[in-house]
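**Student:** Sequential numbering of the sequence shown, starting at 2, is according to the numbering used here.
Pasting in a structure now, in structure tokens, and then I'll have a few things to ask.
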Amino acid sequence: MVTHVPAEAPGDERGALLSFVEAQRGAIRRSVLGLTEEQAASRPSASELTLSGLLKHVAECELSWLRMAQQRPNERQRDETSWSDGFRLLDGETVAATLAFWDGVAKETEDFIRSVPSLDDTFPLPEAPWFPKEGRVSMRWLMLHLVEELGRHAGHADIVRESLDGKGAFDLVALESGRAPGE
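The structure is reproduced here in structure tokens:
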């Protein structure tokens, strides 16, 4: 692990889960540090993934799971015709605006998780071939899934960034804190 996730207060499971989600968000946010819009949208590896596209995807993915848990409509719902738009910035979209949008989603996720009566509370999964029929998951499951989902994409972002300019996770942590790598 490149950064330390502080221990929660004794018994603060919500705080621990929120801290681990935030640690994965931080890894993805750092992947675009110091880049131009063009660099963030470039494909320096065999993958079709770009850093700005990953950023947009994880922000919209977190929003989607949050809306499912809240049992509210998702204002950025994607379907087969718009799915690929969730992996690239469109005209007028910027890295800065995407980061700001994600900051708002992150705040809303934290407020929601802190307000639910219990992490054992559940919500229905949507109909999909990969979910059990009439499946339900808990708020705890949601938070663990966000750690998993964001962690997977943080790894993708590490590889894309390192392919772009050679900067690895340790370099980006140093850059974020204003230190030279290795200090």
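Ideal Cβ placement from N, Cα and C applies to all residues, glycine included.
1. Just curious, the beta strand (DSSP E) that Phe-132 is in, first and last residue?
2. Where are the beta strand (DSSP E) runs, 3 residues long or more, that stay fully inside the stretch 52-127, in chain order?
3. Which of helix, strand or coil does DSSP assign to Ser-178?
4. Along the chain, where does the alpha helix (DSSP H) containing Asp-166 start, and where does it finish?
5. What distance in whole Å lies between the Cβ atoms of Val-22 and Leu-151, which are believed to be in contact at a cut-off of 8 Å?
6. What does the Cβ neighbour count give for Glu-185, buried or exposed, with the cut at 16 atoms within 10 Å?
7. Answer yes or no: do Gly-87 and His-58 have a C-beta to C-beta separation smaller than 9 Å?
8. For Ser-32 versus Asp-112, is the C-beta spacing smaller than 9 Å?
9. I want to know whether the stretch 90-100 touches the stretch 65-80 - three or more CB-CB distances under 8 Å.
10. Ends of the alpha helix (DSSP H) at Val-22?
11. Since Arg-15 contacts Arg-115 with CB under 8 Å, what's their CB separation in whole angstroms?
**Tutor:** Checking against the coordinates, here is how it stands:
1. Counting along the chain, Phe-132 falls outside any beta strand (DSSP E), and DSSP gives it neither H nor E.
2. 123-125
3. helix
4. 140-166
5. 6 Å
6. The structure shown does not extend to residue 185, since the chain is modelled only from 2 to 184, so the question has no answer here.
7. yes
8. no
9. no
10. 14-31
11. 6 Å
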